[in-house]
Structures are given as C-alpha cells and as structure tokens.
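The sequence shown finishes on residue 548 if you use UniProt numbering, and the numbering steps up by one all the way, no holes.
From the three backbone atoms N, C-alpha and C, an ideal C-beta is built for every residue, glycine too.
Read the structure below first, then the notes.
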Amino acid sequence: MIPILEVIEIIRSKKGKILLLLHAHLPYIHHPDFENFMEERWLFEALTETYIPLIKIFKSLEKDNVPFKLTISLSPTLIEMFSLNDLKEKYHKYLLNLIELTEKEIIRTKDEDPKIHQLAQHYRGELIEDLDIFSEEYNQDILKAFKEFKDKGYIEVITSNGTHGYLPFYREYPEAIRAQIKSAVLTFKKYFGKHPKGMWLAECAYFKGLDKYLSDEDIRYFFVDTHGFTYADSKPRYGVYRPIITPNKVFVFARDPESSEQIWSSEVGYPGDPRYREFYRDIGFDREEDYIKPYIDPSGTRCNTGIKYHRITNKLLSLDKKEIYDLREARNAVKEHVRDFLCKKTSQIKKLSAILDEEEPIIVAPFDAELFGHWWYEGPKFLEELFRQSCESEYLDFSVPTEVLQAIKKVQVTYPDESSWGAGGYHDVWLNGKNDWIYKHIHEITERMIEKANTFKCPSNLQKRVLNQMMREVLLVQASDWPFIMTTGTTIEYAKNRVKCHINRFLDLEKMLEKQEINDKRLSFYEWIDNIFRNIDYTIFSSDYRTN
1 MIPILEVIEI
11 IRSKKGKILL
21 LLHAHLPYIH
31 HPDFENFMEE
41 RWLFEALTET
51 YIPLIKIFKS
61 LEKDNVPFKL
71 TISLSPTLIE
81 MFSLNDLKEK
91 YHKYLLNLIE
101 LTEKEIIRTK
111 DEDPKIHQLA
121 QHYRGELIED
131 LDIFSEEYNQ
141 DILKAFKEFK
151 DKGYIEVITS
161 NGTHGYLPFY
171 REYPEAIRAQ
181 IKSAVLTFKK
191 YFGKHPKGMW
201 LAECAYFKGL
211 DKYLSDEDIR
221 YFFVDTHGFT
231 YADSKPRYGV
241 YRPIITPNKV
251 FVFARDPESS
261 EQIWSSEVGY
271 PGDPRYREFY
281 RDIGFDREED
291 YIKPYIDPSG
301 TRCNTGIKYH
311 RITNKLLSLD
321 KKEIYDLREA
331 RNAVKEHVRD
341 FLCKKTSQIK
351 KLSAILDEEE
361 PIIVAPFDAE
371 LFGHWWYEGP
381 KFLEELFRQS
391 CESEYLDFSV
401 PTEVLQAIKK
411 VQVTYPDESS
421 WGAGGYHDVW
431 LNGKNDWIYK
441 HIHEITERMI
451 EKANTFKCPS
461 NLQKRVLNQM
471 MREVLLVQAS
481 DWPFIMTTGT
491 TIEYAKNRVK
501 CHINRFLDLE
511 KMLEKQEIND
521 KRLSFYEWID
531 NIFRNIDYTI
541 FSSDYRTN
C-alpha cells in the first residue's frame, strides 16, 4: 500500500494538458468583378485583427524562447481565399487606405484628448507592422507564416470539411458527405504537402456514422461539444477530460465547458471587462460622412474601420456614453485575467488528477479564432501572456492532439451523441423557419450532381469543365454560413442571394450540358468568380469515386 504522503506527491507531480484550438473559417467570398465589395471586408478585417496578430504573437514568443503549443483549423474556403491574387491585392490596398486614415486621425486628434491621439498613433504603428508582415516578409502569402510555425512544431494545423457544409443535413447523400471531407483533404495536401491529421467538423456538428467517412479518409481525430460525450452511447468514464475512440477507430475530443465559460461567457467572460475596447464604437460610424467616405464602402454604407477609441466602460451604457480606451489599463487587465485563468486551470487540474485514477487530465478549449482580435481586441495579447505565464507552471502543459494521442495507452470505445456547438446544442440554428426553404433546393441539385457524376464517365474537355463548375456551385451552396446568417439576421439578403446565385448557376450549367449548347463565355465567367478547388474534379460526387 502506497503511503498517503506518497499518493499526494504523485497527484501533485502529475501535470494536466490543455489543448487550445482556434477554428479559423470564413465563407468563400470572391467578387473579382467588383473593385470593392462589402462582404470581402470580412476577410480583410480578419486578417488585420486576428490572423496577422496571431502571427505577431508567434514571432514574439519565439524570439523570447517562450514555448507554446496550440492547434489551428484552417477551413479550405479560407485557405483558398488566402491564395487568390485579386484578394491579396485588394487587401494590400485596404491596408494602405487604413494607414492613410490613421495619419489623418493623428493630425485630427492632436488637440483632442491625449489618449485618443496616442491611440491613433498606436493604430498606425500596428497597421504598418501588418503591411510589413503581409507584403514584405511573406510576399502577400500569409499561409506561409502558418506553414512556418507548423514546421517548427509550435502549432498543429488541421482542416475543416470542404465548404463548411453542415454534414448532418446530408446523411441521405453519402457522396455529398464524402465530397465535403475529400475536398478538405485534397486542399490541405495541395497547400501543406501533407495529409491532415485532424478535422474540425463544421459547427462541431456530428451524427452517428459520420466518423466512418473520416476513417475512410484517414482522419485520426475530430471534436464534439460537451454533450456529445454526456449522452454518448456509453458514458465516457473520464467525462470530457480524456478522448474516446469510435468503433470506426477515430479519436474524439470534447469541449471543456469551464474553459469556454471563463473566456467567452456573456455574463462572466473576460472580454466583457470594462477596461477592454468597445467593439461597437468605431469611427466608421462616428466621423462626418465627407471625412469618412473614402474609407468605408463606396455605396456610402457605414462600416467598421477597426479604429476605435472607447472602452466597454459599462455594458448598460449607450455607445455615446462610453469612456476613452486606455491601452495601459487594458494590458493590466490582460495580465490579471491570465493569472486568473491559469489559477482556475491549475485548481481544475488538481481536482481532476485526484479523481482520474492514473490518467492525465486533458482540457480541450476550442474557440472561433476571430474571437481573439476581431471581437476581443486584447485576445491575441491574452494568448501571448497565457503562454508567457504558463511556462513555469508545475501543473499544466499546453499540447496538441497528436502529442496526446501518441501518449495514450488505453481509451474507451464508444460513439458520441449527435450534437453541434450551436445555440441549443443541436441543429436548430441551421434549420428553422428562417432558413428551411433553402434545403429542398440544395438537396435537389445535390442529387442531380450525384446523378451527373455517375453518368458522365468519359466527358469531353468542355463537358468536364461544365461538370467541374457544377461541382463547385453545389459545394459552395452547401456552406453552413448561409443558413447561419439567415438565423442571426446580419447580412440576410447577401446570404439569400448567394444561395439563389449558386443554384441558378448550377441549373444554367446543367441546361448547357443537357442541350449540348455550352456557352463558353458564361462558363468562363462562373469559373472566374467561383474559382475554388481547382485541383478537384466532379467525380468526387460519383458513387465509385474511390476506384477512379
């Protein structure tokens, strides 16, 4: 029998692992026929406020020899947008335009509150750094940065399915699910040169049997939300704090609810601290129309510029009552919150270590990447400070899924429950009275695509171009983003138009094919504007694809 003091020492010496995962995704938005397009700014904002700031903290940590580990899922649509030359050039102009605006703001605020003037100078400095990283260091190829830190072993990069289709809604169409997963694998291999080890399923949406598709494509692991384990076929012995493996031999990790609440709860989460920057107060809405017009959408529609001078202050205050943002106070808040988070994680790991027998606790903390920087301006600094403060911890290590799986000696076999990480935990966000009308149309063209893929075994070169473009239109219309937008009520008309547009393009191409009257000009236009997955062909939708 082990003496009590020795048991305590064993528990104290056992570290826990934290798997921090950032899911980076945007829908495929590409309008090369417009010099400016409002929704393309989503990518530009994410680059400026999240993706490049992440690269900055990676560089800062590496420079100071601070160890760090995290997992990033880059969706295939985002990867493809990173590679488009016209979007690269538009983003370059976007940065130059914002730098010009900050220079005007520096002059304008010189005689205003010194804190505002300091912020204007701060934003200019940040944007110049962004421009240098994007244009000079990586020659407009931001994917190189993620490859660089992946190859150095700091980050594990995984994929997400195809166009972020909500896979439970296609369970009657095995070819469509396989096409979503296979397109992700092929895209990842095209840009990273290796097979992806893991996959973040769009919206964390799982149904029983989906893991078989992942197994067929040699995906080793995926993630579900907490209740995917809570209501699993047989309840996991260690809850969400150890992975399980499905009968199809795919590992599954589940989200730790405590970590999510501490960081992103609307009630007690860190981003709501009054010292942090207010997202909804932006000079794109505050400044006079003539002054701000060159820096917002050409239509005159007001939009965020990213230049914000106010702090949250009090959530109940109207925007015009917010106080001036203070960089020093915000940085102090970051340090306080990191200490608090690590203290809570340490306490959690100690408790888990005492009840998990000999098993090491594994805490899975997944978030939308855009939380860090875009929604929560201080988020990247929080991550940097988190790694800096944690490197001396006696109780926790940051890790990545592959490292965890390599160390596993035993694992429970079971299926997780059908689930998602959307509001309510299941499928309501993506199927409700606001968006249900789209699915009969999407399912119909999905069926037609499968039929055409099975029929055209030896197409002519021109027919193959048509079939390939039909495939792209089907995959693009399947994106979970369109029904999500219709539910949340943001850019509803844009989402509706995208669904209708892809369906109409598919039907137009199908008509060309059936009538044997292919309009090369229209076909070329569709290929130009929906220029995704050029390394994939339409047979991905055929029933015998694996034998092709």
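Take the Cβ of residue i as the centre, count every other Cβ of all protein chains shown within 10 Å, and call the residue buried at 16 or more, exposed below.
i, result
"Asn314", "exposed"
"Gly422", "buried"
"Thr446", "buried"
"Lys409", "exposed"
"Glu418", "buried"
"Ile4", "Here Ile4 scores only 32 on pLDDT, less than 50, and its place in the model should not be relied on; the value that follows carries that caveat. Exposed: under 16 other Cβ atoms inside 10 Å."
"Phe525", "exposed"
"Ile11", "Summary for Ile11: the model assigns pLDDT 38, below 50, so the residue's position carries little reliability; its value from the coordinates is reported in the next sentence. With fewer than 16 Cβ atoms within 10 Å of its Cβ, Ile11 is classed as exposed."
"Gln406", "exposed"
"Glu444", "exposed"
"Val477", "buried"
"Gln516", "exposed"
"Ala179", "buried"
"Cys204", "buried"
"Lys293", "exposed"
"residue 561", "Since the first residue of the chain shown is 1 and the last is 548, residue 561 is not available in this structure."
"Arg277", "buried"
"Asp282", "buried"
"Val7", "Note that Val7 scores a pLDDT of 32, beneath 50, so its modelled location is shaky; the value from the coordinates is reported in the next line. Flag for Val7 reads exposed."
"Arg255", "buried"
Whose C-alpha, out of the options, is nearest the C-alpha of residue i?
i, options, result
"Thr48", "Phe37, Pro67, Leu127 and Pro27", "Leu127"
"His30", "Ser542, Tyr538 and Ile532", "Ile532"
"Thr226", "Lys235, Asp218 and Arg220", "Lys235"
"Tyr325", "Ile307, Met38, Ser299 and Tyr231", "Ile307"
"Gly153", "Lys511, Lys69, Gln412 and Glu112", "Lys69"
"Thr301", "Phe37, Leu26 and Lys381", "Phe37"
"Lys440", "Asn461, Tyr309 and Tyr170", "Tyr170"
"Ser60", "Lys381, Thr159, Cys501 and Gly198", "Lys381"
"Gly433", "Thr488, Ala479 and Leu475", "Thr488"
"Lys321", "Glu62, Leu119, Ile518 and Arg311", "Arg311"
From residue i to residue j, what does the alpha carbon distance come to, in whole angstroms?
i, j, result
"Asp141", "His92", "11 Å"
"Tyr206", "Asn497", "28 Å"
"Arg472", "Thr346", "47 Å"
"Ile244", "Leu96", "49 Å"
"Tyr94", "Glu148", "25 Å"
"Glu89", "Arg287", "27 Å"
"Val364", "Phe229", "13 Å"
"Phe34", "Leu43", "15 Å"
"Pro274", "Glu336", "13 Å"
"Ile296", "Asn304", "8 Å"
"Tyr538", "Asn161", "17 Å"
"Gly424", "Thr246", "24 Å"
"Gln469", "Lys208", "31 Å"
"residue 552", "Val411", "Because the chain in this structure spans residues 1 to 548, residue 552 falls outside the shown range and cannot be described."
"Ala202", "Val157", "16 Å"
"Leu210", "Asp428", "19 Å"
"Ser543", "Asn454", "7 Å"
"Phe367", "Tyr291", "37 Å"
"Phe506", "Thr187", "22 Å"
"Glu80", "Arg41", "16 Å"
"Lys344", "Glu359", "20 Å"
"Lys197", "Asp530", "28 Å"
Is the beta carbon of residue j closer than 8 Å to that of residue i?
i, j, result
"Val224", "Pro416", "yes"
"Val404", "Thr71", "no"
"Arg220", "Phe251", "yes"
"Leu26", "Leu78", "yes"
"Ala16", "Leu352", "Per the sequence shown, the amino acid found at residue 16 is Gly instead of Ala. The answer is yes: Cβ separation under 8 Å."
"Ile177", "Glu217", "no"
"Ala479", "Gly165", "yes"
"Ile52", "Ile155", "no"
"Tyr309", "Ile116", "yes"
"Ile450", "Phe541", "yes"
"Lys338", "Glu385", "The sequence as given places Val at residue 338; Lys does not occur at that position. Cβ atoms of Val338 and Glu385: closer than 8 Å."
"Leu131", "Ser83", "no"
"Tyr28", "Thr159", "no"
"Arg237", "Ile362", "no"
For the ligand FAD, any of its heavy atoms closer than 7 Å to the Cβ of residue i?
i, result
"Leu98", "The ligand FAD is absent from the structure shown, which contains no ligands of any kind."
Against chain B, does residue i count as a neighbour if the rule is that its beta carbon must be under 8 Å from one of theirs?
i, result
"Pro416", "In summary, chain B is missing from the structure at hand, where a single protein chain is found."
Which ranges would you report for the beta strand (DSSP E) in the region 236-309 if only whole runs of at least 3 residues count? List check, beta strand (DSSP E) in window: 251-254.
At 3 residues or longer, and completely inside the region 320-389: list those beta strand (DSSP E) runs for me, N to C. Every beta strand (DSSP E) of 3 residues or more that sits fully in the region 320-389 is shown, in chain order, as 362-368.
Write down every uninterrupted run of the beta strand (DSSP E) in the region 118-176 whose length is 3 residues or greater and which is fully enclosed by it, in chain order. Qualifying beta strand (DSSP E) stretches, in chain order: 155-160.
Any chance you could list the alpha helix (DSSP H) runs of at least 4 consecutive residues sitting entirely within the region 74-103, in chain order? The qualifying runs are 76-82.
Enumerate, from N- to C-terminal direction, the unbroken beta strand (DSSP E) stretches of 3 or more residues contained entirely within the region 408-448. Complete beta strand (DSSP E) runs here, min 3: none at all.
Mind pulling the beta strand (DSSP E) runs of 3 or more residues that sit fully within the region 192-218? Listed in chain order, they are 198-200.
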